[in-house]
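>
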């Protein structure tokens, strides 16, 4: 039995292999076998026969699961070659994934020697493609040898895995380091620099050509370093969460990794379930599924098991099928898996595009367009510069070299790379604040959020439910933990209806109960755990209760049925039905109520009393549940079909009121959202009164009248009506998973950028649909974490404000960096163009242009992407999504700043012309003035609102070091004979130094004074 000991470090996994203990022959066998995979997946294998452990290092194309499968194959080969008995497959299953059942990853097929780990796929059999929606369920069950009651036998499941392989979708290969490095030489600036080097060779300047290509190599090295780090961050996002599925095997409900699902498996479907594979429905009880990811339909599709006649019908019309990637929004059912992996519909789509390049983020596309437009502009101006130079009598080769070098220096290379690098830095920075980003674009989107939908339970509140009040038999009973002994005495003496209510609430409950370390350990939803915990605290033996009333079936709540129903068998053979859910809906199904051990008729007066107490509890911010029971025969096939045929005749037991305290910091969080111009909407399954009380306390409406909508009316509303209401309503009450989805899409249709927070399985569809889905990392369910874009590791909502701040800062820093590149590069064109147009010669030679490109561009531009958040970043409204990266006014500001830099450099050049005439000494003044002015301009680009002279901006040591280091290099170039000769810098006097210093500082002072 192979077990994972440690797999926290990416690319390393330590296994425990019991057979390896003191077995030298197995050690040598494994070393020999695994050595064949060197270079094809495994980099090293270190077994230890004294501990039975083995450390495996592997490349990122593989995972601990695939390495574990390979080890299992090697063990079988060893047992076969030595004749030693293999472990019993029923008791010796490998534990490859510590989060799922042992049988999640059955053994793989044998592959040839020397093949890479990925070669497993080539040995798997083709899956049958059939019109499953036209076949009867019994025929499909028989074809896959599946029992509706017990699912697949474990041996059959393992056999199917060996035949068809894991249920995994192919992923595009990540870019290798070599590909990233080579890509640096495919840009237009590199082509222009190469052309300049070629012209230098033609004109006899071999040294110049070598130096030009040296600049290219340095640029490529810096870009390679930043891009490879960004690529590593992006690839690490793919493996943060591993989804699971619930299947029935050997009659047991098992939770396994999605990769372990095989054709023939029976999937258990309930609200929030992620569909793991394409499947034919076997049972469907008010089942609705969100298939928008595949079909584009905005509303959940209602599913049935009825056979469809037509074979070639669209996927969206195949009402008896569910497909991988979809999500259950309501009801429940069973589905038989008929296709896995690349044979699923979504797998076929992915196969078609698996060779495609990874999509760019919207910001990368914007920057790409800006870069393309700038290339055309720069090339046109450089051609004009060349023409003017020729008219002024300069040699063709000299002007061609100057024009090409100017174009290479003026075009800001890698603008989209700046976006990728900055967003990747944002991901790393957020991780320091315990915020996990699972999608790179989410960093960008966080910066333009306009509406945040806050799920109440578990997000606004702690999701630590405690029953604090009960109303039963016409009496209210309120207690806390300190009153438990008194509560036990009171219920035992005169509280029959209280005890019955608590017992039935514990029966109509899916909380799992384990006994460990002399105490009960409960797992399940907070609401249901609170009910079971109360029963235990009051001395009720819940396990014995469940044994006496065995559970036959559970019907979960759905959009049309806001309550849960459980069916139980009694000692007399009768059936017991228990309802738990929305008090008013449960009350409507009751004819009698329990008081002092007797069932009495429910009249109008009693109903009014119950409704009044329900309103009172809800008004006190309590979560209220009604409980009722039906004891007797259940006629018809309601139990078998899972349909609640009985809608009258229940006995009302009472209501429970549960307190769920608001999380610390939520009041400040809502205030921070409002200060940042972000609208807050609360979404809850609670009644309107409960939601209203919490919304009022949190000031969701910012002092305006609090608008609240009971979502049970949403189904009857037209989409345009919902869209209009969604922009006004602050609270949506009594919502279902499908309603949450409707609300998010209504806000999106109104042009809002929406974030959805949640922690439960019922939040999954809305989390997936929102531009940014935000899940709780500690208390959240696996489903919520699997579909979310952002995971708050410590469930600290205050970090959400930090995430939004970082998202805005990332976008702002990208703008600052690009602003710097554009303003400085355009100034180089302006200086050359204006000097030539005025007949002053060429102030900057080819090597000086390349030096400026190397010294003043790269490092300060990258340092600007590391700016800390400005103090006012959360006091600005969110930016519109369709807004271009720069507005018309901002482009004019860039041109004005470029003109200021150019004017200062030309002033120094003009001084040099008057004193020295056209030549190297005058050019040196222009060169030094422009280079240092550009470096100082990086400080001006830190903020478009605040002046650097006021000292309100946070420190940026990276920028200070990069600018200081670059100025030091520039000073060295002035006084180092070799560099001075290479750059064509003439000797300078002390007066020249004063002129350079004054003209370098002048643009910074002017541009800062202009800021408002």
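Numbering (our numbering), first residue to last: -19 to 992. For every residue, glycine included, the Cβ atom is placed at its ideal position computed from N, Cα and C. Bear in mind the structure is a predicted one, so any value in this text is a computation, not a measurement.
(1) Just tell me which of 441, 702, 926, 521 has its CA closest to the CA of residue 479.
(2) Go to residue 503, then tell me how far its beta strand (DSSP E) extends in each direction, as first and last residue.
(3) Please decide whether residue 532 counts as near chain C, where near means a Cβ-Cβ distance under 9 Å.
(4) Need the endpoints of the beta strand (DSSP E) that residue 316 sits in, please.
(5) Can you tell me whether DSSP reads residue 756 as helix, strand or coil?
(6) Just verifying my parser: in three-state terms, what is the DSSP assignment at residue 716?
(7) From 668, 660, 807, pick the residue whose C-alpha is nearest to that of residue 734; which is it?
(8) Assign residue 560 to one of two classes, buried (16 or more other C-beta atoms within 10 Å of its C-beta) or exposed (fewer than that).
(9) Going by beta carbon distance, what residues of the same chain come within less than 7 Å of residue 643, once the five residues before and after it are set aside?
(10) With 16 other CB atoms within 10 Å as the buried threshold, where does residue 271 fall?
(11) Based on DSSP bridge pairs, tell me the residues matched to residue 581.
(12) Which residues in the same chain have their Cβ closer than 7 Å to the Cβ of residue 628, if we skip the five residues on either side of it in sequence?
(13) Give me the residue from 844, 937, 898, 836 with the minimum Cα distance to residue 912.
(14) At the level of alpha carbons, what is the spacing between residue 50 and residue 119?
(15) Secondary structure at residue 545, three-state DSSP: helix, strand or coil?
(16) Let's test the definition: count the other Cβ atoms within 10 Å of the Cβ of residue 588 and tell me whether it reaches 16, buried, or not, exposed.
(17) Quick one: any contact between the region 248 to 257 and the region 312 to 321, if contact means 3 or more CB pairs under 8 Å?
(18) Scan the region 678 to 738 and note each continuous beta strand (DSSP E) run of 3 residues or more that stays entirely inside, going in chain order.
(19) Three-state secondary structure (DSSP) at residue 813?
(20) State the DSSP-derived secondary structure class of residue 632, mapped to helix, strand or coil.
(21) Buried or exposed: which applies to residue 237, given that a residue is buried once 16 or more other Cβ atoms fall within 10 Å of its Cβ?
(22) Using three-state DSSP, classify residue -17 as helix, strand or coil.
(23) Out of curiosity, what's the CA-to-CA distance linking residue 993 and residue -13?
(24) Starting from the Cα of residue 877, find the closest Cα among 851, 918, 894 and give me that residue.
(25) Does the region 416 to 426 come close enough to the region 777 to 788 that 3 or more CB-CB pairs lie under 8 Å?
(26) Return the bridge partner residues of residue 38 from the DSSP annotation.
(27) Report yes if the CB atom of residue 252 is closer than 9 Å to the CB atom of residue 301, and no otherwise.
(28) So is residue 955 buried or exposed if we call it buried at 16+ other beta carbons inside 10 Å?
(29) Tell me, which residues are paired with residue 27 by DSSP?
(30) Looking only at C-alpha atoms, which of 362, 131, 431 sits nearest to residue 724?
(31) For residue 610, list the residues DSSP reports as bridge partners.
(32) Would you kindly report the start and end of the unbroken alpha helix (DSSP H) that includes residue 831?
(33) I'd like the span of the alpha helix (DSSP H) that includes residue 1007, first residue to last.
(34) What does the Cβ neighbour count give for residue 871, buried or exposed, with the cut at 16 atoms within 10 Å?
(35) Can residue 732 and residue 749 be called in contact, C-beta distance under 9 Å?
(36) To which residues does DSSP link residue 744 through a beta bridge?
Concretely, from the data shown:
(1) It is 521 whose Cα lies nearest to the Cα of residue 479.
(2) 499 to 503 is the span of the beta strand (DSSP E), which, as asked, contains residue 503.
(3) Judged by its chain identifiers, the structure shown contains no chain C, having just a single protein chain.
(4) Going by DSSP, residue 316 is part of the beta strand (DSSP E) stretching over 307 to 319.
(5) For residue 756, the three-state secondary structure derived from DSSP is strand.
(6) Reduced to three states, the DSSP call for residue 716 is coil.
(7) In terms of Cα proximity to residue 734, the closest of 668, 660, 807 is 660.
(8) By the neighbour-count criterion, in which 16 or more other beta carbons inside 10 Å mark a residue as buried, residue 560 falls on the buried side.
(9) 440, 441, 442, 777, listed in sequence order.
(10) Buried: at least 16 other Cβ atoms inside 10 Å.
(11) Looking at the DSSP output, residue 581 bridges to 572.
(12) Same-chain partners within the cutoff: 569, 571.
(13) Comparing Cα-Cα distances from residue 912 to each of 844, 937, 898, 836, the minimum goes to 836.
(14) Between the C-alpha atoms of residue 50 and residue 119 there is a straight-line separation of about 36 Å.
(15) Of the three classes helix, strand and coil, the one that applies to residue 545 here is strand, per DSSP.
(16) With fewer than 16 neighbouring CB atoms inside 10 Å of its own CB, residue 588 falls in the exposed class.
(17) The region 248 to 257 vs the region 312 to 321: in contact.
(18) When DSSP assignments are scanned along the region 678 to 738, the uninterrupted stretches of beta strand (DSSP E) that are 3 or more residues long and fall wholly within it turn out to be 688 to 690, 711 to 713, 734 to 738.
(19) Assigned with DSSP and collapsed to three states, residue 813 falls in helix.
(20) If DSSP states are grouped into helix, strand and coil, residue 632 belongs with the strands.
(21) Within a 10 Å sphere around the beta-carbon of residue 237 sit 16 or more other beta-carbons, which makes this residue buried.
(22) Looking at residue -17 - three-state DSSP - the assignment turns out to be strand.
(23) The shown model of the chain, from -19 to 992, leaves out residue 993, and the question about it has no answer.
(24) Nearest C-alpha to residue 877: 918.
(25) Of all C-beta pairs linking the region 777 to 788 to the region 416 to 426, three or more are shorter than 8 Å, placing the two stretches in contact.
(26) In the DSSP assignment, residue 38 is bridged to 22.
(27) Remark: C-beta atoms of residue 252 and residue 301 do not approach each other more closely than 9 Å.
(28) Of the residues assessed, residue 955 falls on the exposed side of the cut-off, its CB having fewer than 16 other CB atoms within 10 angstroms.
(29) In the DSSP output, where bridge partners are listed per residue, residue 27 has 34.
(30) Closest option to residue 724, Cα to Cα, is 431.
(31) Checking the DSSP bridge columns, you'll see residue 610 partnered with 557.
(32) Residue range 826 to 832 is occupied by the alpha helix (DSSP H) that includes residue 831.
(33) Beyond the ends of the chain as shown, which are -19 and 992, falls residue 1007; an answer cannot be given.
(34) So residue 871 counts as exposed.
(35) No, the Cβ-Cβ distance between residue 732 and residue 749 is not below 9 Å.
(36) Paired residue(s): none; residue 744 is not in a bridge.
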